[in-house]
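Written out below as structure tokens is the structure these notes cover.
Structural data, given as structure tokens:
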């Protein structure tokens, strides 16, 4: 196994296994266990020195377990935290889950059940995201006191096709349907379309009459999507991005509970069971079946899905709750991505509006000097005709299509401009160059470009942002001034020569007269 990744895994899990059985081992075996672990950890520490992103969290987790069995409880707790953070930061979700689980067991032994519950729920969440459904069920079975809401759901009798009941929590469901639903959710990036797809998928999988998606907007939780089954046509009518307050529209006590605890609420008959019987909404609408669950992404609450069925009790089965729990994580990720995309588009739109409003040319080139963006004024200065109705996006596309960065530049100036850009990016200095541009009518305009490089963390150039100004008038003025100065000098030379020639001619005339006399 030398030089293979399997060697690392062997050392890692061998150490954890030995430490797991250490307390039950006899006194003769325990020293040998610690010696073996120390030898493995020596290798792991060596690897962690050169690749901490892959090995340091593994080292910390084994050290935490070692501190636990040796009675250094506070050291163990600090090391668990370091292992969790390292695994999370480097996206080792299965080892993040394991670190949470081992930490939870540690706190359980110490009698700190509330903390243990928090850590075990995080382990449950990570295992679920990783796809280890058997491990998820194992945690629920082994630690039912830490998952009371799941345990109550799992113990609900389920009517089978034969008419008998079953209390099993190992409910089979259509994995293909779940995968298709997950793909449909992840394929949307526009927020409004994503919300429509989400409501359709989640409500259909739950068998609800109505559904509401609550998202945070300006630090307030509001209804951003709603869907209701039209019984006559058997289709759902969906509305999105309404930002309606939850008050008077939903049972606020249930919504606030889910927001506060990040736990699901399932009620077979909301008017007769649970802690929300007296909610004004429940009393007024005589709501029967309710299912409200949080949409979480890495323990961060992204949204709340509220579903109800007013026609039947027990409408939401444990099978449906498992399906929605699986879909909820993907839904949360998709919503967050769509929100980020919407913010990016809004930022780009505002930036484009600003760049189009400034009265100077703005241009962005890449590290090779090729065009990336130019505002309308910039393209005009390069001698291109712009239709007033043309959008900023079309302008940018047109700029990239027919402006190569040099095709309009006066041939004798091309090399000098390219060299100035290259030098500025290489030396991290500002760029400035004057050059001529040939317009479609064959007239020549003088431009000046001034720019500054944009660099990545490694100091490598990524782009250059610059402004373009037309200095043709100044150049003409300078040329006129130079011409005037040349004319003045010519006149002075002419006058001097004329005076000199006149004097010479007078002298010649005088000499000639003398000779004649």
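Numbering (the working numbering), first residue to last: 13 to 529. Beta carbons: idealized from backbone N, C-alpha and C, even for Gly.
- Residues 201 of the same chain have their beta carbon placed closer than 6 Å to that of residue 353, with the five preceding and five following residues left out of the count.
- If you draw a straight line from the Cα of residue 97 to the Cα of residue 91, it is about 10 Å long.
- Taking a 10 Å sphere around the C-beta of residue 18, we find fewer than 16 other C-beta atoms and assign the residue as exposed.
- As computed with DSSP, residue 312 is found in a beta bridge with 309.
- Taking residue 467 as reference, the option from 475, 461 and 460 with the minimal CA-CA separation is 475.
- Boundaries for residue 276: no alpha helix (DSSP H) harbours it, and the DSSP string shows neither H nor E there.
- Leaving aside the five residues that flank residue 264 on each side, the residues in its chain whose CB is nearer than 8 Å to its CB run, in chain order, 258, 291 and 293.
- Taking C-alpha positions only, residue 373 is separated from residue 490 by approximately 23 Å.
- Contact between the segment 41-48 and the segment 65-75 is absent: fewer than three C-beta pairs spanning the two stretches fall below 8 Å.
- Just so you know, the alpha carbons of residue 113 and residue 132 end up roughly 6 Å apart.
- Check the Cα spacing between residue 451 and each of 377, 227, 123 and 393: the tightest is with 393.
- Per DSSP, the beta bridge partners of residue 462 are 444 and 479.
- A residue is called buried when at least 16 other Cβ atoms come within 10 angstroms of its Cβ; residue 22 does not meet this threshold and is exposed.
- Apart from sequence neighbours up to five positions away, the residues of its chain that approach residue 220 with a beta-carbon distance below 6 Å are 319 and 321, ordered along the chain.
- Under the DSSP assignment, residue 223 falls outside any alpha helix (DSSP H), being part of the beta strand (DSSP E) whose first and last residues are 222-229.
- Nearest neighbour of residue 423 by Cα position, chosen from 111, 448, 433 and 222, turns out to be 448.
- Using a C-beta cut-off of 8 Å, the segment 247-256 makes no contact with the segment 276-292, since fewer than three inter-stretch Cβ pairs fall below that distance.
- Looking at the backbone, the Cα of residue 77 and that of residue 89 are separated by about 9 Å.
- As DSSP reads the structure, residue 304 sits in a beta bridge with 277 and 318.
- The residue among 342, 141, 61 and 116 with its C-alpha nearest the C-alpha of residue 155 is 116.
- At the C-beta level, residue 279 and residue 301 come within 8 Å of one another.
- Take the alpha-carbon of residue 20 and the one of residue 349: they are about 34 Å apart.
- By DSSP's assignment, residue 233 forms a beta bridge with 228.
- Between residue 108 and the set 208, 128 and 135, the nearest pair of CA atoms involves 135.
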